[in-house]
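Protein chains in written order, with our numbering: chain A, 1 to 149; chain B, 1 to 149.
As structure tokens, then:
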């Protein structure tokens with residue numbers, strides 16, 4: 001059953017699953033998208049400010065999106081996103097870390113220009129296995145309105 | 001030769017290269033990180049608001065980071081990033097599009113808490129082959145100070 005704009009309630013929080021990073025996945029992602037040595041070279045990374053290998057923030061964002069889409073967005077009438085107003089990398093993400101996604105609707109409003117669309121502003125938060133927050137995303141999504149019966 | 005915080009001048013703009021997306025790369029990325037049908041299914045995507053297959057915004061961000069790191073950041077004394085204050089997906093990115101990165105330093109200031117570090121605020125912009133802007137990123141980066149001689 002598709003989740004439409006009308007089904008979203010401001011203040012609601014979803015717990016949207018977990019994902020565990022391996023050293024291999026951190027290096028593979030970084031080689032492709034963010035080849036800084038503290039993301040790709042475990043030995044040299046020990047001499048960095050991070051004291052060891054850390055995941056690219058863009059990989060952390062990819063994990064956020066994967067959990068969000070697989071566990072919520074693909075059940076909705078999603079119409080895409082115009083962007084994000086805040087992205088914060090709050091703690092390093094290291095090999096073996098398990099990240100858990102919490103997703104909260106901040107506000108919902110109908111679109112004034114597109115009557116078949118609604119606008120949702122949300123906060124997404126990833127926590128590691130020690131309940132330290134590693135990522136905060138605040139942004140906007142577009143969703144289809146429920147068809148009239 | 002490493003580029004240090006002291007080498008950055010507010011107002012400077014770099015042109016940092018181009019990247020062309022294929023339909024295959026759009027589908028492969030989206031299957032892994034953002035499996036919404038308008039990113040993964042060329043036929044079904046024709047019925048979407050986008051009228052055809054479009055790249056995930058997170059892939060556009062990955063291309064932004066790849067061009068930035070390979071063509072600038074890896075020559076600097078980069079110390080990572082605390083986050084971004086704005087990410088805007090301004091136009092759809094489609095198969096065959098060639099994206100070109102323009103990167104502008106907005107302001108630079110020394111860190112008050114870490115004397116060996118400086119803080120740079122920047123704007124990154126991706127344009128397609130028709131000079132339409134597809135992405136704007138405004139964020140912050142940390143960079144090492146030049147060692148005293």
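No residue lacks a Cβ here, since even glycine has one placed at the ideal position from N, Cα and C.
Please read these numbers as outputs of a predicted model, since none were measured by experiment.
- Would you check if the distance between the CB atom of residue 49 of chain A and the CB atom of residue 79 of chain B is smaller than 8 Å? By 1-based counting over the first chain, the position of residue 49 of chain A is 49. By 1-based counting over the second chain, the position of residue 79 of chain B is 79. The Cβ-Cβ distance between residue 49 of chain A and residue 79 of chain B falls below 8 Å.
- Message: Please state whether the Cβ-Cβ distance between residue 22 of chain B and residue 98 of chain B is less than 8 Å.
- Response: As a first step, residue 22 of chain B must be located in the second chain, where it is residue number 22. As a first step, residue 98 of chain B must be located in the second chain, where it is residue number 98. Not closer than 8 Å, so no.
- Message: Helix, strand or coil for residue 2 of chain A? Go by DSSP, reduced to three states.
- Response: In the first chain, the residue the question calls residue 2 of chain A occupies position 2. DSSP places residue 2 of chain A in coil when its eight states are reduced to three.
- Task: Mind listing the chain B neighbours of residue 128 of chain A? Cutoff is C-beta to C-beta under 7 Å, in chain order.
- Result: For this step, residue 128 of chain A is matched to residue 128 along the first chain. By Cβ distance, chain B contributes nothing, its closest Cβ being about 17 Å from residue 128 of chain A, past 7 Å.
- Task: Would you please state the rounded distance, in angstroms, between the beta carbons of residue 11 of chain A and residue 105 of chain A? I believe it to be under 8 Å.
- Result: On the first chain, residue 11 of chain A is found 11 positions in, with the first residue counted as 1. On the first chain, residue 105 of chain A is found 105 positions in, with the first residue counted as 1. Going by Cβ atoms, the distance from residue 11 of chain A to residue 105 of chain A rounds to 7 Å, so yes, they are a contact pair.
- Which of helix, strand or coil DSSP assigns to residue 90 of chain A: Translated into the one-based positions of the first chain, residue 90 of chain A becomes position 90. Residue state, collapsed to three classes: coil.
- Task: Kindly indicate if chain B contains any beta-carbon less than 8 Å away from that of residue 78 of chain A.
- Result: Mapped onto the first chain, residue 78 of chain A falls at position 78. Chain B contact via Cβ: present.
- Query: What are the partner residues of residue 58 of chain B, as DSSP defines its beta bridges?
  - Reply: Looking up residue 58 of chain B in the second chain gives position 58. Per DSSP, residue 58 of chain B has no beta-bridge partner at all.
- Query: Can you find a CB in chain A that lies within less than 8 Å of the CB of residue 65 of chain B?
  - Reply: Counting from 1 along the second chain, the entry for residue 65 of chain B is found at position 65. Yes, residue 65 of chain B counts as interfacial toward chain A.
- What did DSSP end up calling residue 174 of chain B once you bin it into helix, strand or coil? Outside the displayed span of chain B (1 to 149) sits residue 174 of chain B, for which this structure offers no information.
- Taking only beta carbons into account, state which residues of the segment 83-98 of chain A come closer than 7 Å to chain B, listed in chain order. 83, 84, 85, 86, 87, 88, 89
- Message: Residues in the same chain with beta-carbon distance under 7 Å from residue 40 of chain B, minus the five sequence neighbours each way, listed in chain order, please.
- Response: Numbered from 1 along the second chain, position 40 holds the residue referred to as residue 40 of chain B. For residue 40 of chain B, the CB contacts under 7 Å within the same chain, skipping 5 residues up- and downstream, are 27, 30, 31 in chain order.
- Is the segment 54-70 of chain A touching the segment 123-133 of chain B, taking contact as three or more C-beta pairs under 8 Å? no
- Query: By how many angstroms is the C-alpha of residue 149 of chain B removed from the C-alpha of residue 55 of chain B?
  - Reply: As a first step, residue 55 of chain B is located in the second chain; it is residue number 55 there, counting from the start. As a first step, residue 149 of chain B is located in the second chain; it is residue number 149 there, counting from the start. Cα-Cα distance, rounded: 48 Å.
- Message: If I follow the unbroken alpha helix (DSSP H) through residue 73 of chain B, where does it start and stop?
- Response: As a position in the second chain, residue 73 of chain B is number 73, starting the count at 1. Where residue 73 of chain B is concerned, there is no enclosing alpha helix (DSSP H), given that its DSSP letter is neither H nor E.
- Query: At which residues does the alpha helix (DSSP H) containing residue 125 of chain B begin and terminate?
  - Reply: As a first step, residue 125 of chain B must be located in the second chain, where it is residue number 125. Per DSSP, residue 125 of chain B belongs to no alpha helix (DSSP H); it is in the beta strand (DSSP E), 117-127.
- Task: Identify the continuous alpha helix (DSSP H) that holds residue 145 of chain B and give its terminal residues.
- Result: Numbered from 1 along the second chain, position 145 holds the residue referred to as residue 145 of chain B. Note, residue 145 of chain B: premise wrong, no alpha helix (DSSP H); not H, not E.
- Message: Can you check which of these residues, A/103, A/107, A/58, is closest to residue 72 of chain A by C-alpha distance?
- Response: As a first step, residue 72 of chain A is located in the first chain; it is residue number 72 there, counting from the start. Answer by Cα proximity: A/103.
- Item | residue 43 of chain B versus residue 69 of chain B - alpha carbon distance | The residue you call residue 43 of chain B lines up with position 43 of the second chain. The residue you call residue 69 of chain B lines up with position 69 of the second chain. Their Cα atoms are separated by approximately 34 Å.
- Look up residue 108 of chain A in the DSSP assignment and say whether it is helix, strand or coil. Position 108 of the first chain, counting from 1, holds the residue named residue 108 of chain A. The three-state secondary structure of residue 108 of chain A, taken from DSSP, is strand.
- Going by the CB atoms, is the gap between residue 51 of chain B and residue 140 of chain B shorter than 8 Å? The residue given as residue 140 of chain B occupies position 140 in the second chain. The residue given as residue 51 of chain B occupies position 51 in the second chain. No.
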